[in-house]
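To convert, count from 1 in the sequence shown and add 19; that's the working numbering.
In this text, a Cβ means the ideal position worked out from N, Cα and C, and glycines have one as well.
Note that the coordinates shown come from a computational prediction; the quantities given were computed from them, not determined experimentally.
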Amino acid sequence: MKLQSLFMLLVSLGLLALCVELGAATPDQWPRFRGADGTGITGGEKLLPSWTTEDWTWQVDLPGIGHSSPIVWNGKIYLTSADEENKVRHLFCHDLYTGKLAWTQEFTGEIERHHKQNSSASSTVTADSRGIYWLWGTSQNVRLEALTHDGKSRWSIDLGPYIGHHGFGGSPVVWKDTVIVPLEQDTQGTVIGIDASTGKERWRLARDGAEKAAYSTPLVLTHTGRDTQVICTSKAHGMYAINPENGTVLWENKCFSLRTVASPICAGNLLIGTCGSGGGGSNLLVALKPPATKDDTSEIIYEVPRSTAPYVPTPLFSQGRLYLWGDKGVVTCLHATRGEIIWKERVGGNFSSSPILIGDQILNISSDGEMVALVDDEEFRILGRRDIGEECRATPAVAEGFMVIRTKSKLFCLKISKS
């Protein structure tokens, strides 16, 4: 079946007027996991009415394997993979338009024990105008690498040991000139602020251990007329906000009892976070209203329990609706402000990738490599399915009219909008 687009609508980021990442890149960039502000919403791209796998603009093989998501900055794709047999991790730069390898850097280190659905290259790179930042770790140490966009090392720092039963997988984010590194582990962990220019540590926030390392990517959040906050989630501390200037905790709500893998997002005036486990029976989604002032407290507006709440895929917010793409192939559409179910349907498959929105189409890729497209609407409709042909646990990137898809050992590019 071909993917069919019924509408070619521009995406309005005004839906997130109260929840915008400072310094967000232009629509031509996809500089971190799930895009400039972590929403997974493209900056005005349009998906072509139909395509097949024969329409790939290009595809290339990658050495080793990995589940990190690709990012795009100024026509360059950055991603990673690991040759676990030879204990080598690769950081790649490919040309967005041709797929040609621009450069690669290799990092040698022990291969940590990890969950069978994890890899030794699961941390997603982040970028700004200075260059790129990549986090990788073993049980001996975690390293943050800073490189120029031409692949030259700017600085490299050791952030200490890491203990996580499922292996490493945290992804950094950038706020202004600070790289924010989440390292909540099975034992006591930290969140660290690093000077993006020099690699010097600016602040370090100690975090309790709860025998469940966190894998969620922080959300950089600003409310109109208020200071920026960095929203993090973990079992030990629930959902909490950090001042990115100095690393102090602004507020905290200990609302989670299990591991956090999906990343927090903003849905209107609410913050959305989840926790769960591989079984799914104890998953929990929390919609939380953050404090309006420093004297207020956060408030849980509603909860979504059990298998309706996703564990690994991050939710998607659009037009007042919250889409929960479940790990076991059940998708739920909610009224974002109230948590009431609009529809709940099974699309099949198992999912680790997170949904993204292109025009009016919601896309996600199953672990077996099947792309599923739904319409962004109060009525459930499957627009199409397409078999990519290989295991996929990464989330696509969209920039400059191209969609970049990373599978276990391949990189694909599809032209999605005509110039």
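Element boundaries [beta strand (DSSP E), containing residue i]
i, result
"threonine 127", "120-127"
"threonine 76", "Counting along the chain, threonine 76 falls outside any beta strand (DSSP E), and DSSP gives it neither H nor E."
"tyrosine 152", "150-156"
"isoleucine 384", "380-384"
"phenylalanine 431", "429-434"
"serine 100", "95-102"
"threonine 248", "The question names threonine, but residue 248 in the sequence shown is glutamine. Note, glutamine 248: beta strand (DSSP E), 248-253."
"arginine 221", "220-226"
"histidine 86", "Counting along the chain, histidine 86 falls outside any beta strand (DSSP E), and DSSP gives it neither H nor E."
"cysteine 112", "107-114"
"isoleucine 401", "401-406"
"cysteine 285", "284-286"
"proline 324", "318-324"
"leucine 393", "389-394"
"leucine 66", "First-last for leucine 66: undefined, no H or E at that position."
"leucine 376", "375-377"
Same chain only: Cβ atoms within 6 angstroms of residue i, ignoring 5 sequence neighbours per side
i, result
"lysine 363", "Thr351"
"threonine 143", "Phe52, Ser87, Ser88 and Ser190"
"threonine 279", "Ala233, Ser235, Thr252, Ser253 and Cys294"
"methionine 422", "Pro415, Leu433 and Ile435"
"tryptophan 122", "Cys112 and Gly170"
"alanine 392", "Leu22, Gln380, Leu382, Leu402 and Gly403"
"phenylalanine 399", "Trp362 and Glu364"
"alanine 328", "Thr293, Asn302, Leu303 and Leu304"
"tyrosine 97", "Ile90, Cys112, Val144 and Ile151"
"glycine 208", "Leu202 and Arg226"
"lysine 427", "Ile84, Glu409 and Glu410"
"glycine 345", "Pro329"
"tryptophan 222", "Gly212, Asn265 and Gly266"
Classification of residue i by the beta-carbon crowding that lies within 10 angstroms, buried from 16 upward
i, result
"arginine 425", "buried"
"asparagine 105", "exposed"
"aspartate 314", "exposed"
"asparagine 302", "buried"
"glutamate 409", "exposed"
"lysine 231", "buried"
"asparagine 272", "buried"
"threonine 333", "buried"
"aspartate 227", "exposed"
"aspartate 406", "exposed"
"arginine 340", "buried"
"serine 385", "buried"
"aspartate 80", "exposed"
"isoleucine 291", "buried"
"proline 440", "Nothing can be reported for residue 440, as the shown portion of the chain is limited to 20 through 438."
"proline 324", "exposed"
"isoleucine 360", "exposed"
"histidine 134", "In this prediction, histidine 134 scores a pLDDT of 49, lower than 50, which makes its location untrustworthy; the coordinate-derived value is nonetheless stated afterwards. That one is exposed."
Same chain, Cβ closer than 8 angstroms to residue i, five either side skipped, listed in chain order
i, result
"isoleucine 375", "Arg53, Gly54, Gly59, Ile60, Thr61, Leu335, Ile381, Leu382, Asn383, Thr414, Pro415 and Val417"
Close beta carbons around residue i, own chain, < 7 angstroms, minus the five adjacent residues each side
i, result
"proline 310", "Trp270, Thr316 and Ser317"
"aspartate 47", "Ala418 and Glu419"
"tryptophan 153", "Thr99, Leu110, Ser142, Val144 and Glu164"
"tryptophan 77", "Thr117, Gly118 and Cys432"
"aspartate 177", "Asn160 and Arg162"
"glutamate 15", "Since the first and last residues shown for the chain are 20 and 438, residue 15 lies out of range."
"glutamate 220", "Ile211 and Ile213"
"arginine 149", "Ala215 and Ser216"
"arginine 10", "Since the displayed the chain opens at 20 and closes at 438, residue 10 lies outside it and no answer follows."
"threonine 127", "Lys106 and Val107"
Bridge partner(s) assigned by DSSP for residue i
i, result
"histidine 354", "Arg340"
"tryptophan 174", "Ala165"
"tyrosine 259", "Cys251 and Glu271"
"phenylalanine 52", "According to DSSP, which records beta bridges pairwise, phenylalanine 52 is partnered with nothing at all."
"aspartate 214", "Thr197"
"tryptophan 362", "Cys352"
"leucine 307", "Leu290 and Ile319"
"arginine 412", "Paired residue(s): none; arginine 412 is not in a bridge."
"phenylalanine 421", "Ala418 and Lys434"
"valine 239", "Val249"
"valine 192", "Ile199"
"glycine 208", "Arg226"
"aspartate 147", "Gly150"
"glycine 295", "Arg278"
Nearest-angstrom beta carbon gap, residue j and residue i [assumed within contact, 8 angstroms]
i, j, result
"arginine 162", "glycine 170", "With a Cβ gap of about 17 angstroms, arginine 162 and glycine 170 do not count as contacting."
"histidine 168", "lysine 119", "Their Cβ separation, rounded to whole angstroms, is 15 angstroms, which puts histidine 168 and lysine 119 out of contact at 8 angstroms."
"valine 91", "leucine 66", "With a Cβ gap of about 17 angstroms, valine 91 and leucine 66 do not count as contacting."
"threonine 247", "proline 237", "Not quite, the Cβ-Cβ distance comes to about 12 angstroms (not below 8 angstroms), so this is no contact."
"glutamate 203", "alanine 255", "7 angstroms"
"isoleucine 261", "leucine 224", "6 angstroms"
"tyrosine 342", "alanine 281", "Actually they are not in contact, since the Cβ atoms of tyrosine 342 and alanine 281 sit about 12 angstroms apart, beyond 8 angstroms."
Short CB-CB distance (under 9 angstroms) between residue i and chain C
i, result
"cysteine 352", "Checking the listed chains, one finds no chain C in this structure; it contains a single protein chain."
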